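For reference, the structure is listed below as structure tokens.
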Amino acid sequence: MIGCGRNDAPTSTNAPACTVSESQPAPCCEIDRNQLVAMLAGAPAPANIGPPNGDWPMFGGTPERNMVNVVDRNIPAEWSVEDGKRKNIRWDALLGSKAYGGPVIGDGKIFVGTNNQNPRDPMVKGTRAVLMAFNEADGKFLWQITHDYPADDLFKEAMPYGLFSAPAVDGKRLYYVTPGCEVVCADTGGKIQWRFDMMKDLKVVPYHTANCSPLIAGDLLLLVTGNGTGEDGKVVSPKAPSFVALNKNTGKVVWQSDLPSAGTIEGQWSNPALAKVNGKDIAIFPGGDAYLYGLELASGKMIWKFNCQPERAAKDDDRYTPNYMVATPVVYDNKVYIGLGVFPEHYAGPPFSHLLCVDITKIGDVSPKTLNHKDAKNNGSALVWSYGGKIDPVPKRGRRVLFGRTISTCAIHDGLVYIAEEHGYMHCLDAKTGQKYWDYDFKAGIWGSPYYVDGKVYIGTEDGEVVIFKHGKKQHVLAKIDMGETVHSTPVVVRGVLYVATKSKLYAIAGN
């Protein structure tokens, strides 16, 4: 049982009210087990119906993070961005030379994280992480906020990439995390309201960069801090929190948790999700130690934990780095779906991976013994099913793995799960059983996620295509659209308009 209590966290004007730590339990704060059983038992939660007001105000659209839009119709499956042959392009806007954070749409504006390679302001020069805002109606550039990188060599590799964090929009305010671990609250007009420096105030030290896309739950702002290891593979600041809940109005810490602590494998680049189980809100945190954690939203007390890598290699095995979570967990029907991988283009990543389906109604340590969901050793665990691993016996030709490492987030609709691999495959599975219906080889890398809308599934590739599938149990490619350059982000739709960010341009696509 995990308790909560004060510790020797750094003193600041944003001093934490509560710290959750597996190594420092405080019985006075424990959750009663019987109370939890009663709280978590109940009928399955309804499936996601999409974000409110027709916006796409955060990564994944809703706190469940499901890449699904069931509202919009008549979304184009054909267009052209080629000069002289443009078709169904409402407008386009110039970004930097990289675009990972977004697009996110709220308050009539579109927000994209990029870099400063194509400066909007000639007075702002050099390498920066940049948040740009555009008018939704016509693509007019409205404003930007730029951020320097800390003067530390640990950020050197991440500097060219710009702002990774997709902001979360809440009414007239938005929230994001800079590569240097600063949490920023700005209004949608571009004026910063408050900042919270996690490196200074919480002693967080990231592995190359922070990139969390925050989640808003009532008055709480939830995020993964990015605390990670150094080049020697050891966590630089093991007492620093991995998860934190801030007051969205003031930036003050409400609670924090260091649950992964020294167990973090490399960095922490995933995002939190929110589940409602029997009417109770539970924060889902993907830990850098390859554990999923279910935490009580109000206090950060741990309800359950689930080891996604129960058979990982011993720490002294340096042949490859164990898989962990870069992808974002998706909540659907009282379950969480999460794919495992390592950071993109990792030279020492394992050749195979898994997609996991986890029951979130249980309590305590609900870890499996293996990732074989049919294994009797896993009775009582929260593992519903797993998909992936090596193909046995090894085939003479073709792939040797069922599923490779992923940094993509699932789209789940009508009982079907769509998930992509970094090495360029997409799979369609049964959400209840994990049965594979089909897969598709793009022959190009995938950094973004599949997106369901209007009976179709859209996904972008590193070769610069947006590939469109018909939704269903049979593979049916509707179109392949050449965008002219790499698409690392996820296409999204708002009010009948499809937005696709390539590495240097944002396109608004709509039929007549």
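Our numbering applies: residue 1123 is where the sequence shown begins, and numbers increase by one. For each residue, glycine too, the CB sits at the ideal point set by N, CA and C. Values in this document were obtained by computation on a predicted structure and should not be read as measured data.
Which residue wins for smallest C-alpha separation from residue i, given the options the options?
| i | options | result |
| --- | --- | --- |
| M1281 | S1287, P1301, G1348 | P1301 |
| A1533 | G1520, A1553, R1527 | A1553 |
| G1422 | H1269, P1394, G1633, V1615 | P1394 |
| C1303 | R1295, H1330, I1314, D1487 | H1330 |
| D1696 | M1424, G1401, A1405, D1380 | Any question about residue 1696 goes unanswered here, given that the chain covers just 1123 to 1634. |
| N1238 | G1261, V1346, Y1271, E1584 | Y1271 |
| W1316 | L1345, N1369, G1355 | N1369 |
| A1362 | N1371, N1333, T1351 | T1351 |
| K1496 | T1268, I1485, G1556 | G1556 |
| S1475 | N1371, T1184, G1486, N1494 | N1494 |
| F1407 | D1177, L1264, V1458 | V1458 |
| G1486 | W1507, Y1446, F1428 | F1428 |
| E1200 | K1402, Y1580, E1607 | Y1580 |
| A1542 | Y1442, I1460, A1339 | I1460 |
| S1219 | R1208, V1234, R1212 | V1234 |
| L1285 | G1577, V1480, I1267 | I1267 |
| M1466 | N1191, G1586, E1279 | Checking the sequence shown, residue 1466 turns out to be Pro, not Met. Selected option, being the one with the closest Cα: E1279. |
| C1524 | G1502, P1473, D1536 | Reading off the sequence, residue 1524 comes out as Leu, not Cys. When only C-alpha atoms are compared, the closest one is P1473. |
| S1383 | A1397, G1401, N1349 | N1349 |
| E1186 | P1451, S1364, L1628 | P1451 |
| C1550 | L1324, K1294, G1340, F1591 | F1591 |
| N1371 | A1259, G1311, C1307, D1536 | C1307 |
| G1311 | V1480, Q1378, K1294, G1248 | K1294 |
Return the Cβ separation of residue i and residue j in integer angstroms, given the expectation that the two are a contact with Cβ distance under 8 Å.
| i | j | result |
| --- | --- | --- |
| S1611 | G1570 | 5 Å |
| W1560 | K1596 | 7 Å |
| M1180 | V1226 | 6 Å |
| V1619 | A1632 | 5 Å |
| V1575 | D1194 | 6 Å |
| A1221 | A1623 | 4 Å |
| I1482 | S1530 | No, I1482 and S1530 are not in contact; Cβ-Cβ is about 21 Å, not under 8 Å. |
| L1419 | C1430 | The Cβ separation is near 22 Å, so there is no contact. |
| N1456 | V1399 | 6 Å |
| V1203 | M1605 | 6 Å |
| E1544 | R1522 | That belief does not hold up - the Cβ atoms of E1544 and R1522 are roughly 16 Å apart, past 8 Å. |
| F1263 | L1628 | Incorrect: roughly 10 Å between the Cβ atoms, too far for contact. |
In the structure shown, what three-state DSSP assignment does residue i receive?
| i | result |
| --- | --- |
| Y1283 | helix |
| K1247 | coil |
| A1498 | helix |
| K1635 | Shown here, the chain extends from 1123 to 1634; a query on residue 1635 therefore has no answer. |
| D1323 | helix |
| G1511 | strand |
| A1384 | helix |
| D1154 | Model confidence at D1154 stands at a pLDDT of 46, short of 50, so the residue's coordinates are unreliable; what they give is reported in the following sentence. Three-state result, D1154: coil. |
| L1493 | coil |
| T1300 | coil |
| F1277 | helix |
| N1175 | helix |
| T1351 | strand |
| H1476 | strand |
| L1217 | coil |
| P1408 | strand |
| L1628 | strand |
| S1335 | coil |
| F1525 | strand |
| G1486 | strand |
| H1610 | coil |
| E1418 | strand |
| V1252 | strand |
| T1268 | strand |
| R1434 | coil |
| L1368 | strand |
| N1257 | strand |
| G1461 | strand |
Taking Cβ positions, are residue i and residue j nearer each other than 7 Å?
| i | j | result |
| --- | --- | --- |
| H1291 | G1223 | Residue identity check: residue 1291 is Val in the sequence provided, not His. No, the Cβ-Cβ distance between V1291 and G1223 is not below 7 Å. |
| L1343 | Y1297 | yes |
| I1603 | V1615 | no |
| P1613 | Y1562 | no |
| S1335 | S1287 | yes |
| W1426 | V1488 | yes |
| T1386 | V1366 | no |
| G1261 | A1215 | yes |
| N1501 | P1490 | no |
| A1504 | K1484 | yes |
| Y1454 | L1477 | no |
| K1565 | G1546 | yes |
| F1318 | V1299 | no |
When you compare the CB of residue i with every CB in chain B, is at least one pair closer than 7 Å?
| i | result |
| --- | --- |
| E1607 | The structure shown has no chain B; it contains just one protein chain. |
Is the beta carbon of residue i within less than 6 Å of some heavy atom of the ligand GTP?
| i | result |
| --- | --- |
| R1295 | This structure simply doesn't include the ligand GTP, nor any ligand for that matter. |
Mind listing, in chain order, the continuous beta strand (DSSP E) runs of no fewer than 3 residues lying wholly within the stretch 1534-1593? 1538-1542, 1547-1552, 1558-1563, 1573-1575, 1578-1582, 1587-1592
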